[in-house]
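J.: Numbering (mature numbering (1 follows the signal peptide of the UniProt record, and there is no 0)), first residue to last: -21 to -1, 1 to 435.
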Ligand code: IDC
């Protein structure tokens, strides 16, 4: 109940919804949305949207979702009052269907135009509550042997990430590409493949803040992140919520957004065991002192809502512990963030970052808890050829040091770092070996080996 109240309060605050729906609507606790493209033609389409209310009776509802592609435009809707602002679409119930009893459905729809692809929206809200379709995403059954089931709530012990038995573990997994661009790659089929075929422990959710990301639609992106957290949870994977700051490089530019975002996701996900927070992807062009100051303002916001989660702090020089700026790990060791249960991010791109970076990690790992929350097998542009020798040297080092990692990217982007060939995400097959790139095949072979997590 505490969690429900916190969730409702958070959603109401973020969306400023209290005036719209009144007390009955505020009691809504869950919903499911089925979105079907019923017809598509050159540049146009028709979509049917079935809303199922899984919470208390709602009188006066508002459906919200984001068009995943900038070229998608609402033309005309029915059975509700429809509008679109930027990517955000809303539909407000008509007089005759505005009351939805528990379990009741409303069938609405619209016609639209599109220019590029016509990806389906993946995250919906009803009166600000994320429609996670809880009937479709049951929590994992106890004792199912998944990474989250075995390891439970994580914490930092010494320089390691430790499980519920207080034993060091290494999590191995994949990062999304920017969810503002590649939402079509994150669905039940692709997440099943990641959990079952790749045997991934970890799913990093890269929510860009700029570049058409969070800043353009805070409520929509918050909802998308939350539903991806649920999809990881229902498959027993840990989820890293990555506040993907990149340009500008000073995370303080996004300080207010970070506080708003993390207050919301930490309250909503406080009772989950699978969530890890990453507060700033890659600080760059900024001093360690400025990054530390940012961290010491954002961490307490998360702790207030979710006291026991592990938090990853980005480091100077694109999360290189300062090495890419000509510094090194000593700036962090000498002036650590004033907080407990935190780890420091180290990122590398194997074709660009080699022996001197590996040496820094080897030294730092004896003194700082490190988490490789992003790395690529290619150059730092995200493109180019896979450097197999350097990638293998890195992965062997991380295995030896029990440093957790997430690879950039679990996507079909047209660049060497992507695990899938271009076009894969337009289909339903994420499991066959024919869909993998060289980078994807290498990572799948490394990630899918047995974890042997300690259980006592
Ligand atoms: C890259 C993407 C690329 C995109 C670019 C700009 O691969 O498609 O156009 O971002 O947003 C990072 C960043 C990560 C980068 C990646 C590769 O965290 O956002 O993704 N990279 O350049 N740090 C080092 C490399």
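For each residue, glycine too, the CB sits at the ideal point set by N, CA and C.
A quick note: this is a predicted structure, and the numbers were derived from the prediction, not measured.
For the beta strand (DSSP E) containing residue 381, list its first residue and its last residue.
T.: Neither: residue 381 is in no beta strand (DSSP E) and is coded neither H nor E.
J.: Is the CB-CB distance between residue 230 and residue 270 below 8 Å?
T.: Yes. Within cutoff.
J.: Could you give the distance in angstroms between the alpha-carbon of residue 420 and the alpha-carbon of residue 62?
T.: Roughly 43 Å separates the two Cα atoms.
J.: Quick check: is any heavy atom of the ligand IDC less than 7 Å from the C-beta of residue 410?
T.: Residue 410 Cβ: outside cutoff for every heavy atom of the ligand IDC.
J.: Where does residue 353 land, buried or exposed, given buried means 16+ other C-beta within 10 angstroms?
T.: By the 10 Å Cβ count, residue 353 comes out buried.
J.: For residue 3, which residues from the same chain have a beta carbon less than 8 Å from its beta carbon, with the 5 sequence-adjacent residues on both sides left out?
T.: Reliability of the predicted coordinates at residue 3 is poor, the pLDDT of 39 falling under 50, and no value is obtained from them.
J.: Using the three-state DSSP reduction, which class does residue 439 fall into: helix, strand or coil?
T.: Shown here, the chain extends from -21 to 435; a query on residue 439 therefore has no answer.
J.: Which of helix, strand or coil does DSSP assign to residue 308?
T.: In the structure shown, residue 308 sits in coil (DSSP, three-state: anything other than H, G, I, E or B).
J.: Express the C-alpha separation of residue 240 and residue 436 in angstroms, rounding to a whole number.
T.: Any answer about residue 436 is impossible in this case: the structure gives the chain only from -21 up to 435.
J.: Over what stretch of residues does the alpha helix (DSSP H) that includes residue 151 continue unbroken?
T.: From DSSP, residue 151 is part of no alpha helix (DSSP H) but of the beta strand (DSSP E) over 151 to 154.
J.: For residue 224 and residue 74, what's the separation of their Cα atoms in angstroms?
T.: If I take the Cα positions, the gap works out to 43 Å.
J.: Taking 8 Å as the cut-off, decide whether the C-beta atoms of residue 71 and residue 9 are in contact.
T.: Result no, Cβ atoms of residue 71 and residue 9 do not sit closer than 8 Å.
J.: Please determine if the stretch 185 to 194 and the stretch 127 to 138 are in contact, where contact requires at least 3 C-beta pairs separated by less than 8 Å.
T.: Counting Cβ pairs under 8 Å, fewer than three are found: no touch.
J.: Does residue 163 pass the burial test, meaning 16 or more other C-beta atoms within 10 Å, or should it be called exposed?
T.: When all chains shown are included, residue 163 counts as buried.
J.: In chain order, what residues of the same chain lie with their CB nearer than 8 Å to the CB of residue 266, ignoring the 5 residues before and after it?
T.: Excluding residues within five positions, the ones whose Cβ falls inside 8 Å are 295.
J.: For the ligand PLP, is there a heavy atom less than 7 Å away from the beta-carbon of residue 353?
T.: Only the ligand IDC can be found as ligands here, which leaves the ligand PLP out of the picture.
J.: Return the CA-CA distance between residue 417 and residue 365, expressed in angstroms with no decimal places.
T.: Rounded to the nearest angstrom, the two C-alpha atoms are 7 Å apart.
J.: Between residue 347 and residue 292, how many whole angstroms is the CB-CB distance? I'm expecting something under 8 Å.
T.: About 10 Å separates the two Cβ atoms, so there is no contact after all.
J.: Taking the continuous beta strand (DSSP E) assigned at residue 30, which residues delimit it?
T.: 23 to 32 is the extent of the beta strand (DSSP E) around residue 30.
J.: Taking one C-beta from the stretch 11 to 23 and one from the stretch 175 to 182 each time, how about it: are there three or more such pairs within less than 8 Å?
T.: Not touching, per the Cβ criterion.
J.: Mind checking residue 303: buried by the 16 CB within 10 Å criterion, or exposed?
T.: Flag for residue 303 reads buried.
J.: Within a Cβ cutoff of 6 Å, which residues of the same chain sit near residue 200, ignoring the five residues on either side of it in sequence?
T.: These residues qualify, in order along the chain: 186 and 193.
J.: Taking 8 Å as the cut-off, does the stretch 248 to 255 touch the stretch 204 to 216 (at least 3 CB pairs, one atom from each stretch)?
T.: Short answer: they touch.
J.: So residue 421 is in the alpha helix (DSSP H); what residue range does that whole segment cover?
T.: Unbroken alpha helix (DSSP H) run through residue 421: 417 to 426.
J.: If we require 4 or more residues per run, which alpha helix (DSSP H) segments fall completely within the stretch 213 to 289?
T.: Listed in chain order, the complete alpha helix (DSSP H) runs (minimum 4 residues) inside the stretch 213 to 289 are 234 to 248 and 267 to 284.
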